[in-house]
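Below you'll find the structure, written out as C-alpha cells, and then a few comments.
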Amino acid sequence: MMERIPRGIGDFIVLVSLGLIVLLMFLPSEASAMTAEDVMKKSQAAFLYPGQDFKARVLMKLISEEGKERIREMTMLRKNYGEIGGDQKYFIYFFQPADVRNMTFMVYKYPEKNDDRWLFVPAIDLVRRIAASDSRSSFVGSDFTYEDVSGRDISADTHTLLREENLGGRDCYVIESVPRGPLDYVKRISWIDKTTFLPLKEEYYDVQKELARMFTADRIEDVAAAEGGGAKSFPTVTKRTMKNLKAGHRTEVTYTSVSYNVDLQDNIFTERYLRNPPEKWIK
Numbered sequence: 091m092m093e094r095i096p097r098g099i100g101d102f103i104v105l106v107s108l109g110l111i112v113l114l115m116f117l118p119s120e121a122s123a124m125t126a127e128d129v130m131k132k133s134q135a136a137f138l139y140p141g142q143d144f145k146a147r148v149l150m151k152l153i154s155e156e157g158k159e160r161i162r163e164m165t166m167l168r169k170n171y172g173e174i175g176g177d178q179k180y181f182i183y184f185f186q187p188a189d190v191r192n193m194t195f196m197v198y199k200y201p202e203k204n205d206d207r208w209l210f211v212p213a214i215d216l217v218r219r220i221a222a223s224d225s226r227s228s229f230v231g232s233d234f235t236y237e238d239v240s241g242r243d244i245s246a247d248t249h250t251l252l253r254e255e256n257l258g259g260r261d262c263y264v265i266e267s268v269p270r271g272p273l274d275y276v277k278r279i280s281w282i283d284k285t286t287f288l289p290l291k292e293e294y295y296d297v298q299k300e301l302a303r304m305f306t307a308d309r310i311e312d313v314a315a316a317e318g319g320g321a322k323s324f325p326t327v328t329k330r331t332m333k334n335l336k337a338g339h340r341t342e343v344t345y346t347s348v349s350y351n352v353d354l355q356d357n358i359f360t361e362r363y364l365r366n367p368p369e370k371w372i373k
C-alpha cells in the first residue's frame, strides 16, 4: 500500500506545479523566439516563392503628384528551381502602353550572387543585359526597382527584430534590414504578418536617414493552385503600392487572373522567347 503524502508536502507540490504552469504560459513560444533572419526567410518564401510556378496579369498605374495616371499592363511568369530561397526565373511581357508593347523582361535569380537580367526592346530589336549595378534603377519608369520585382537576397542585409505590434488588425514582426554594402537607402523597416508572413508594409530610409519610399500590401487574397496542380491555396498580395514620398509619386499594382502550379516549361525562360513570346502563356 502506498504511503500517504503529508498534507504540507502535498500542498507544496501543488503550488510548485501551478507555478510551473504559469511560468510556461509566459515563456516565449517557438514562433516568438524566431530570429529576425528566420522571419525574413519565411517572408521571402511566402511573398516570392509560393507554389512551384506562378502566372498573373498585372496592371500597373503610375500616378503623379497631380493625380495624372500612366498605365503599364503585362503578364508575369515565375518558376522556382530547387528549394525555397533558391534559384528562380521570371519572364514579363508588356501589352501597353504603345512605347513598351511587345517588350519583354527576364530574370535569372540566384541566392547570394548577382542576378542575371535581360530586357528586349522591340523598337530597336535589341536584347540588353541589365547590369547588377542597375538593380536599384526604376522598373519601366515606376516607383518599383528591378530588385523590388524579383526580390532581394536575405544575406545581403543585416536583420534585427525591433518589436512586435499590430498593424491594421494583424499581428506583425517589425524587422529592420540594413544593407551590408552601400545602396540608395540605409535601412528598410518591414512589418511582417505573423500568420501569413507576407510583408504588409515596408519603409525605406535614404542616406539622409529620411523616409523616402513606402510599400504597402493593400489587398491579400487566398489563391488556389491550378486544377491538377494540388489543392493548396496561397495567401497572395493582389494589390500593392509603392510611394515615393519625396517626389509625391506613387505606383499602384493590381494582380488579376493569378494562377499557381500551371506547369511552366523551362524553355520559356530563354532569349528565343524574349524575342518571340509564347502566346499560350502571355495571353
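Under the numbering used here, residues 91 to 373 are what the sequence shown spells out, in order. Glycine included, C-beta positions come from ideal geometry on N, C-alpha and C.
Asked, Found
"For Glu-342, the nearest candidate out of Lys-199, Leu-138, Met-304 (CA to CA)", "Met-304"
"Contacts around Asp-274, its chain only, beta-carbon distance under 6 Å, and the 5 residues preceding and following it disregarded", "Arg-226"
"DSSP state of Ala-307 mapped onto helix, strand, coil", "strand"
"Cβ-Cβ separation, Lys-199 to Ser-240 (assumed contact under 8 Å), whole Å", "5 Å"
"First and last residue of the uninterrupted beta strand (DSSP E) at Thr-186", "One point to set straight first is that residue 186 is Gln, not Thr, in the sequence displayed. 177-186 is the span of the beta strand (DSSP E), which, as asked, contains Gln-186."
"C-beta atoms of Ile-310 and Ile-282 nearer than 8 Å", "no"
"Bridge partners - Phe-144, DSSP secondary structure assignment", "Arg-168, Tyr-350"
"Cβ-based burial, Gln-186 [other Cβ within 10 Å; buried from 16]", "exposed"
"Length of the line joining the Cα atoms of Tyr-231 and Gln-298", "With the sequence shown as reference, residue 231 is identified as Gly, and Tyr is not the correct amino acid for it. Distance between the alpha carbons of Gly-231 and Gln-298: 24 Å."
"Under the three-state DSSP convention, the category Asn-130 falls into", "Checking the displayed sequence, the identity of residue 130 turns out to be Met instead of Asn. It is helical."
"Glu-292 burial status per 10 Å Cβ neighbour count (16 or more: buried)", "buried"
"Residue from Asn-366, Leu-149, Asp-189, Ser-245 whose Cα sits closest to the Cα of Val-268", "Ser-245"
"Between the CA atoms of Val-148 and Arg-191 - distance to the nearest angstrom", "14 Å"
"Exposure label - Ile-182; buried when at least 16 CB within 10 Å", "buried"
"Ser-245 - DSSP class collapsed to helix/strand/coil", "helix"
"Residue nearest to Leu-288 in terms of C-alpha spacing, selected from Arg-219, Ala-135, Trp-208", "Ala-135"
"Run of the alpha helix (DSSP H) containing Tyr-363, from where it starts to where it stops", "361-365"
"Residue nearest to Val-327 in terms of C-alpha spacing, selected from Val-348, Ser-223, Leu-335", "Val-348"
"Secondary structure of Leu-288, DSSP reduced to three states", "coil"
"Selected residue, minimal CA-CA separation from Ser-323, among Glu-127, Thr-125, Asp-143, Asp-128", "Asp-143"
"Distance CB(Val-197)-CB(Arg-207) smaller than 8 Å", "yes"
"Pair within 8 Å by beta-carbon distance, Gly-284 and Asp-261", "It is Lys, not Gly, that sits at residue 284 in the sequence shown. Yes, these two residues count as a Cβ contact at 8 Å."
"For Leu-290 and Leu-257, the rounded distance between their alpha carbons", "8 Å"
"Span of the alpha helix (DSSP H), counted from its first residue to its last, around Lys-370", "369-372"
"Collapsed DSSP secondary structure at Pro-325 in the structure displayed", "strand"
"Through-space distance from Tyr-171 to Ala-188, alpha-carbon basis", "34 Å"
"Status (buried if at least 16 other CB within 10 Å, exposed otherwise) for Glu-361", "exposed"
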